[in-house]
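These protein sequence lines map, in sequence, to chains A and B.
Residues 1 to 378 in full-length UniProt numbering are what the first sequence spells out, letter by letter.
Residues 1 to 378 in full-length UniProt numbering are what the second sequence spells out, letter by letter.
Working notes for the structure below.
There are 2 protein chains.
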Amino acid sequence: MTHEAPRHDVAVIGGGQLARMMQQPAIALGLRLCLLAEGPDVSAAQVIGDHHVGTHTDLDDLRRAVDDAPVVTFDHEHVPPEHLRTLAQEGHVCRPGPDALIHAQDKLVMRRRLTELGVPCPRWAEVHEPVDVEAFGFPAIVKTARGGYDGKGVWKAESLADLDEPFRAESALLVEELVPFRRELSAQVARSATGEIVDYPVVESRQVDGVCFEVVAPAPNLDPALEARARRIARTVAEELDVVGMLAVELFETEDDQVLVNELAMRPHNTGHWSIDGAVTSQFENHLRAVTGLPLGSTTPRQPWTVMVNILGGAVTELAAQREVALAAQPDVKVHLYGKAVKPGRKVGHVTAVGEDLEDVLRRARHSAALLTDGEQP
Amino acid sequence: MTHEAPRHDVAVIGGGQLARMMQQPAIALGLRLCLLAEGPDVSAAQVIGDHHVGTHTDLDDLRRAVDDAPVVTFDHEHVPPEHLRTLAQEGHVCRPGPDALIHAQDKLVMRRRLTELGVPCPRWAEVHEPVDVEAFGFPAIVKTARGGYDGKGVWKAESLADLDEPFRAESALLVEELVPFRRELSAQVARSATGEIVDYPVVESRQVDGVCFEVVAPAPNLDPALEARARRIARTVAEELDVVGMLAVELFETEDDQVLVNELAMRPHNTGHWSIDGAVTSQFENHLRAVTGLPLGSTTPRQPWTVMVNILGGAVTELAAQREVALAAQPDVKVHLYGKAVKPGRKVGHVTAVGEDLEDVLRRARHSAALLTDGEQP
């Protein structure tokens with residue numbers, strides 16, 4: 001019996017823009033991807049020919065999609081852990097594995113574990129009924145343990161009257177203190193299946209209604225001691241939780257000079273898109289290197305400043321037509337479109353500018369994004 | 001009757017590494033490619049899902065491959081002009097068009113035209129029998145007008161005895177003086193369907209037996225007057241020959257400070273691979289922007305020096321295994337593999353290093369390429 005080499009190196013579950021942007025470094029590295037896509041023409045299915053259309057909660061769809069790929073990785077964190085265990089029993093290596101991934105799937109599990117590890121978090125508690133929130137103290141942030149993203153599943157509660165909607169959610173709930181923060185930071189590391197770790201510069205993530213719209217790399221005027229602490233937290237989390245692949249730790253920089261963990265993501269993350277054009281090795285390349293056990297690439301920035309601005313669905317509905325205007329206006333801004341139909345607020349692309357003068361870099365990136373979002377000068 | 005948007009933006013004829021490397025910027029720009037591939041698993045077919053397997057000399061294969069794509073472009077210059085005229089009549093725009101492309105297909109047509117335009121060339125003549133070469137004078141370079149590439153179809157002739165093989169070729173022949181040159185240069189421009197032109201820094205191309213093995217960008221110690229002349233030649237050729245897309249003009253820098261045109265290529269070219277990691281906009285991105293009529297991107301280098309070294313098939317036959325060694329040795333060198341089986345001397349990938357110190361950049365790029373070629377330290 002001869003053993004043929006598998007046709008694919010990595011199966012990606014989920015056909016969004018994160019899977020799409022893995023294909024570019026996969027082409028360079030000579031890694032062959034296959035995909036479980038939600039539909040025949042979703043973002044990543046447009047550029048990864050070998051895709052199976054199905055749903056990530058259906059074990060048979062998962063089996064068909066990962067078929068001959070030794071390694072399985074993810075565009076999102078929503079695959080049920082029991083399915084990942086089954087795939088593992090059937091000979092696939094899931095990276096990150098279900099025991100790591102559960103910390104990105106369930107905020108209660110995450111908070112308990114980080115607290116055990118001594119990783120600084122906002123004060124938090126599990127809550128079962130509204131009076132538990134009242135006992136914790138208003139104002140507070142109420143979150144579903146599972147299923148939230150981009151501001152969904154998160155409520156600010158000032159009084160008992162604000163708790164009707166959260167307590168209708170099907171998920172368990174937790175409550176967290178409302179942290180008085182200066183800004184939000186993101187610390188990313190790549191951890192290879194070999195245990196090798198590299199970290200990226202800590203960036204500033206600017207958000208509105210829980211959705212990232214702009215990232216500045218590195219975070220301007222960040223106290224070196226806080227930067228070191230943020231990097232150490234990300235390394236600790238990656239190692240202690242046995243994350244393989246990219247890990248993003250979203251942090252609050254508090255008014256009293258602390259960094260507190262807000263969220264974890266175990267995949268390439270919106271706050272790392274700057275690295276495609278701004279770092280020697282992008283988060284997508286290092287994610288693929290990490291999950292395939294390859295040595296990791298340099299995370300050094302290519303220029304002193306990189307600014308990434310999201311294109312969130314706005315007045316411009318025909319992105320392909322507007323692309324021409326944006327490219328003409330800024331010949332050195334890099335435009336990334338995700339092949340998605342424009343809907344209000346939907347992430348349909350991003351732009352990146354790099355350079356030595358932060359104000360100039362910000363201006364160019366924002367101008368390009370404004371042209372692609374609303375078609376106007378900012 | 002409703003007009004649906006075409007499913008593809010650009011059809012690429014030929015499934016080699018040039019088509020493969022177009023897919024990365026196509027993903028970013030949101031351009032959808034389809035492909036005529038020589039086989040189901042050739043380099044570009046691995047990463048462009050919508051491919052038709054067939055041959056570029058078969059009109060029906062061409063028709064099926066370009067089907068719903070308004071724009072047709074190329075991985076190579078070997079499509080018969082009459083087929084391109086037919087595709088044009090059937091509503092596709094070929095970029096470059098057949099009237100431009102013929103100058104990259106037929107060296108006699110090219111030499112006649114460049115001579116008419118006053119573009120400096122080596123002394124040359126059409127030859128029909130060996131005595132014509134003798135009359136031209138030995139030593140001389142004899143070339144087939146059509147079908148040559150990477151040193152094939154080119155002979156150095158010292159006497160009549162060296163002419164047996166060239167005159168067995170099926171193509172018409174030309175003869176050129178043996179130019180005493182210091183080095184070979186390459187001048188690249190992108191010319192958009194709108195007429196917009198941008199040029200890249202002139203690079204030094206280091207060749208053995210007619211095959212490029214190393215490119216340094218920009219060409220070190222190049223006299224600014226010669227650099228300006230090389231850029232002007234490339235712009236003139238692009239405009240006068242109505243090239244749309246990337247144009248590479250390979251040049252001799254002679255011992256008496258001239259630049260003479262050696263060859264033309266109307267597509268992304270090996271001497272421009274440095275631009276993927278070394279310029280703000282790669283030749284592949286600008287090729288796609290040009291053929292789709294989009295505004296062109298900045299050609300500014302990202303760092304003072306970029307060195308690209310080809311991986312030519314050598315002692316290493318299992319590139320996927322050796323990749324690990326090369327990535328570990330040089331975390332900031334970018335590795336590009338083409339998904340091709342290793343054969344002696346075959347171009348199977350390239351590596352790129354960038355930086356401020358040329359000696360260091362050369363050392364790192366050569367080290368990485370040596371590990372991927374022969375598995376040894378250089």
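Glycine is no exception: its CB is placed at the ideal position from the N, C-alpha and C atoms.
Restricting attention to A/191, A/326, A/264, A/253, the CA atom closest to the CA of residue 285 of chain A is found in A/191.
Nearest Cα to residue 15 of chain B within the set B/78, B/120, B/327: B/78. For residue 303 of chain A, the nearest beta carbon of chain B is closer than 9 Å to its own beta carbon. For residue 300 of chain B, the C-beta contacts it makes with chain A under 8 Å involve 332, in order along the chain. DSSP places residue 241 of chain B outside both helix and strand once states are collapsed to three, so it counts as coil.
Assignment of beta strand (DSSP E) within the region 87-150 of chain A, counting only whole runs of 3 or more residues, yields 124-127, 140-144 in chain order.
By the 16-neighbour rule on beta-carbons within 10 angstroms, residue 19 of chain B is buried. In this structure, the beta-carbon distance from residue 281 of chain B to residue 10 of chain B does not fall below 9 Å. Remark: C-beta atoms of residue 21 of chain B and residue 336 of chain B approach each other more closely than 9 Å. Closest in alpha carbon position to residue 253 of chain B, among B/226, B/277, B/264, is B/226. Across the region 16-47 of chain A, CB contacts with chain B closer than 7 Å involve 20, 23, 24, 27, 28, 29, 30, 32, 46, 47, in sequence order along the chain.
Rounded to the nearest angstrom, the Cβ distance from residue 24 of chain A to residue 24 of chain B is 5 Å, consistent with a contact under 8 Å. The three-state secondary structure of residue 273 of chain A, taken from DSSP, is coil.
DSSP links residue 310 of chain A through a beta bridge to A/350.
Taking 9 Å as the threshold, the shortest C-beta distance from residue 280 of chain A to chain B falls below it.
The count of Cβ pairs closer than 8 Å, one atom from the region 235-242 of chain A and one from the region 160-168 of chain A, stays below three, leaving the stretches out of contact. Residues 81, 109 of the same chain have their beta carbon placed closer than 7 Å to that of residue 102 of chain B, with the five preceding and five following residues left out of the count. With a threshold of 9 Å between beta carbons, residue 289 of chain B makes contact with chain A.
In the three-state DSSP reduction, residue 221 of chain B falls in the coil class, being neither helix nor strand. If you look at residue 73 of chain A, you'll find it in the beta strand (DSSP E) that goes 71-74.
The alpha-carbon separation between residue 62 of chain A and residue 357 of chain A amounts to approximately 47 Å. Within the region 314-347 of chain A, the residues whose Cβ lies closer than 8 Å to some Cβ of chain B are 319, 320, 323, 324, 327, 328, 331, 332, 334, 335, 336, 337, 338, 339, listed in chain order.
Bounds of the alpha helix (DSSP H) holding residue 290 of chain B are 283-291. If the five residues before and after residue 95 of chain A are omitted, its C-beta is found closer than 8 Å to the C-beta atoms of 71, 72, 73, 193, 244, 245, 290, 291, all from its own chain and listed in chain order. The Cβ of residue 50 of chain B sits closer than 9 Å to at least one Cβ of chain A. For the pair residue 44 of chain A and residue 37 of chain A, the CB atoms are nearer than the 9 Å cut-off. A direct Cα-Cα distance of roughly 16 Å separates residue 142 of chain B from residue 180 of chain B.
Residue 246 of chain B carries a strand assignment under DSSP once its states are collapsed to helix, strand and coil. Distance from the CA atom of residue 152 of chain B to the CA atom of residue 307 of chain A, rounded to whole angstroms, is 47 Å. Annotation: the continuous alpha helix (DSSP H) that includes residue 60 of chain B extends over 59-66. At least one beta carbon of chain B lies nearer than 9 Å to the beta carbon of residue 297 of chain A. Annotation for residue 159 of chain B: no beta strand (DSSP E) segment contains it, and DSSP assigns it neither H nor E.
If you draw a 10 Å sphere on the C-beta of residue 89 of chain B, you find fewer than 16 other C-beta atoms in it, and that means exposed. Counting of Cβ neighbours within 10 angstroms places residue 367 of chain B among the buried residues, the total reaching 16 or more. Residues of the same chain with a CB within less than 6 Å of the CB of residue 287 of chain B, apart from the 5 flanking positions on each side, are 245, 246, 268 in chain order. Bounds of the beta strand (DSSP E) holding residue 33 of chain B are 33-37.
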